[in-house]
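*Asks:* Once you've had a glance at the structure underneath, I'll fire off some questions.
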Amino acid sequence: MKTKSLLLAATAAAMTAGMALAEPVKVGMITTLSGGGAGLGIDVRDGFMLAVKQAGNPDIEVVIEDDQRKPDIAVQLADRMIQSDDVDILTGIIWSNLAMAVVPSATAQGKFYLSPNAGPSALAGKGCHPNYFNVAWQNDNLHEAAGAYANSAGLKNSFILAPNYPAGQDALAGYKRMYEGELAGEIYTKLGQTDYAAEIAQIRASDADSVFFFLPGGMGISFLKQYADSGVDLPVVGPAFSFDQGILQAVGAAALGVKNTSQWNKDIDNAANKAFVESFEAEYGRLPSLYASQGFDTANLILSAMAKADVKDQDAFREALRAAEFDSVRGEFKFGPNHHPIQDIYVREVVQEGDVFTNKILGVALEDHADAYAGECKM
């Protein structure tokens, strides 16, 4: 296995006058930087590193590795980072099957894990851990909001589909938890699948009045293009993962008007978000995505904890993370008792602004929403 290690350190003055850390903080980022899901990992990495650069804190180092969307490689990288690189914090994983392979072992070895994306239900409930924090959402959340929106839109007979892996299972569970109508069909597709002719044929043959799907990254691009070309004209509802910034540019006009759910969008009206969107576009030459916003918030959460506690004092550092005293691009940010966010989730619509396909917020689908598994978490 050939991997490239990138060691990055901020080199300007310390972020808080008068605060000196006993030890620098070393962060190991394992994320997807190649293959079909690379865009997601690249966005998390770029959002995270933008926050590190802006903080100008010399006491944080970031080691970045590509997991190639393979659980065995993610495990090897995590073991090396923990045992050889002596990282204090791990982060970066996009895919829930990789998170399930890495997070329990990392926290059992006394390391903090901060998820900027994957939020499998198993880690939110009985598998929760004091050193595990999710800075994005629990997997079900955006799909729950889609189910709530479907009810308000009068949809009565949805055909639903998602890949057969932990996040896909959580997705359909979340939609069904809130959705009050009937199901015209329910399909689990292969993770990484690119041909959806059979699934679209089943949708066409059903008596569905709508389609809900969760197909992140390249899977979503393939499905949306094929669905648009098929002539099936049922309204589509989904989570932001299938209608985010990178995907929309690849899909184009076929996605216009689609309603999707997200805890973030570029038009959330607060100073931190406005500055983030402007600085990300200036730094990287593209609009930020949901994933970039999550990477940015994750880095700023770490930096906020560093300003209050030494990472080697795990109890104090854990409390500093739990306090979440940073300016989130989402506005107010708080953790529930299982270290997952309690937050608003919005309904967005795909629109075109000049030559750019993007999203605008229509309203709030779920307000101050917590996940369904927190009651199972004992810590």
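Residue numbers (the numbering used here): 162 to 540. Glycine is no exception: its CB is placed at the ideal position from the N, C-alpha and C atoms.
Kindly provide the ranges of any beta strand (DSSP E) runs that are 3 or more residues long and lie completely inside the segment 362 to 413, ordered along the chain.
*Replies:* Within the segment 362 to 413, the complete beta strand (DSSP E) runs of at least 3 residues are 371 to 374 and 397 to 400.
*Asks:* Classify R509 as helix, strand or coil using the three-state DSSP reduction.
*Replies:* Translated into positions along the sequence shown, residue 509 becomes position 348. If DSSP states are grouped into helix, strand and coil, R509 belongs with the strands.
*Asks:* Kindly indicate the opening and closing residues of the beta strand (DSSP E) around G524.
*Replies:* Here residue 524 is taken as the residue at index 363 of the sequence shown, counted from 1. V517 to H530 is the span of the beta strand (DSSP E), which, as asked, contains G524.
*Asks:* I need the DSSP call for D356, collapsed to helix, strand or coil.
*Replies:* As a position in the sequence shown, residue 356 is number 195, starting the count at 1. Note: D356 maps to coil in three-state DSSP.
*Asks:* Hey, how far is the Cα of L182 from the Cα of D227?
*Replies:* Against the sequence shown, residue 182 aligns to sequence position 21. Against the sequence shown, residue 227 aligns to sequence position 66. Confidence at L182 is low in this model, with a pLDDT of 42, below 50, so its placement is unreliable and the value that follows should be read with caution. So the alpha carbons of these two residues sit roughly 29 Å apart.
*Asks:* Residues in its own chain within less than 6 Å of N312 by CB, not counting five upstream and five downstream?
*Replies:* On the sequence shown, residue 312 is found 151 positions in, with the first residue counted as 1. Excluding positions up to five away in sequence, the list reads E341.
*Asks:* Going by DSSP, which residues form a beta bridge with L322?
*Replies:* By one-based count along the sequence shown, residue 322 stands at place 161. Answer is I348 and F374.
*Asks:* Could you have a look at C538 and say whether DSSP puts it in helix, strand or coil?
*Replies:* Within the sequence shown, numbered from 1, the residue matching residue 538 stands at position 377. In this structure, C538 counts as coil in the three-state DSSP scheme.
*Asks:* Give the straight-line distance between the Cα atoms of F441 and T459, rounded to the nearest whole angstrom.
*Replies:* The residue you call residue 441 lines up with position 280 of the sequence shown. The residue you call residue 459 lines up with position 298 of the sequence shown. Between F441 and T459, the C-alpha separation is close to 15 Å.
*Asks:* Quick one: residues in its chain with C-beta nearer than 6 Å to the C-beta of D249, no 5 flanking neighbours on either side, listed in chain order?
*Replies:* The count along the sequence shown starts at 1 and reaches residue 249 at position 88. Around D249: V186, K187 and V472.
*Asks:* Please list, in chain order, all residues of the same chain as L395 whose beta carbon is under 8 Å from its beta carbon, the five residues on each side excluded.
*Replies:* Your numbering for residue 395 matches position 234 in the sequence shown. If we look at L395 and ignore the five residues flanking it on each side, its Cβ neighbours are F320, I364, A369, D370, S371 and V372.
*Asks:* What span of residues does the beta strand (DSSP E) with E222 cover, start to end?
*Replies:* Translated into positions along the sequence shown, residue 222 becomes position 61. Residues I221 to D227.
*Asks:* Just to confirm the assignment: which complete alpha helix (DSSP H) runs, minimum length 4, are found wholly within the segment 253 to 299?
*Replies:* The qualifying runs are 257 to 269 and 282 to 285.
*Asks:* Out of A470, N461 and H501, point me to the one whose CA is closest to A533's CA.
*Replies:* As a position in the sequence shown, residue 533 is number 372, starting the count at 1. Per the Cα distances, H501.
*Asks:* Does the beta carbon of Y507 fall short of 7 Å from some heavy atom of the ligand SAH?
*Replies:* This structure does not include the ligand SAH; it has no bound ligands of any sort.
*Asks:* By DSSP's criteria, P502 is part of a beta bridge. Which residues make up the other side?
*Replies:* If you number the sequence shown from 1, residue 502 lands on position 341. According to DSSP, which records beta bridges pairwise, P502 is partnered with F496.
*Asks:* Quick check: what's the CA-CA separation for L527 versus L303?
*Replies:* Position 366 of the sequence shown, counted from the start, is the residue given in the question as residue 527. Position 142 of the sequence shown, counted from the start, is the residue given in the question as residue 303. Roughly 9 Å between the two C-alpha positions.
*Asks:* Quick one: Cα of G198 to Cα of K231, how far?
*Replies:* Counting from 1 along the sequence shown, the entry for residue 198 is found at position 37. Counting from 1 along the sequence shown, the entry for residue 231 is found at position 70. Answer to the nearest angstrom: the Cα atoms are 11 Å apart.
*Asks:* Can you give me the C-alpha to C-alpha distance between D488 and V511, rounded to a whole angstrom?
*Replies:* Numbered from its first residue, the sequence shown carries residue 488 at position 327. Numbered from its first residue, the sequence shown carries residue 511 at position 350. Looking at the two C-alpha atoms, the distance is approximately 27 Å.
*Asks:* Between the Cα of E514 and the Cα atoms of P377, A283, L409 and A212, which residue gives the shortest distance?
*Replies:* For this step, residue 514 is matched to residue 353 along the sequence shown. Residue L409 is the option with its Cα nearest to E514.
*Asks:* Have a look at A334 and D301 and give me their C-alpha separation to the nearest angstrom.
*Replies:* Translated into the one-based positions of the sequence shown, residue 334 becomes position 173. Translated into the one-based positions of the sequence shown, residue 301 becomes position 140. Each residue's alpha carbon lies about 7 Å from the other.
*Asks:* If you follow the alpha helix (DSSP H) that N434 is part of, which residue opens it and which one closes it?
*Replies:* The sequence position of residue 434 within the sequence shown is 273, counting from 1. Element bounds for N434: A432 to Y445.
*Asks:* Please list the terminal residues of the continuous alpha helix (DSSP H) segment that includes V117.
*Replies:* Because residue 117 is not part of the residues shown, which for the chain are 162 to 540, the question remains open.
*Asks:* So the alpha helix (DSSP H) S423 belongs to, where does it begin and stop?
*Replies:* Taking the sequence shown and counting its residues from 1, the one referred to as residue 423 is at position 262. Note, S423: premise wrong, no alpha helix (DSSP H); beta strand (DSSP E) at K420 to S423.
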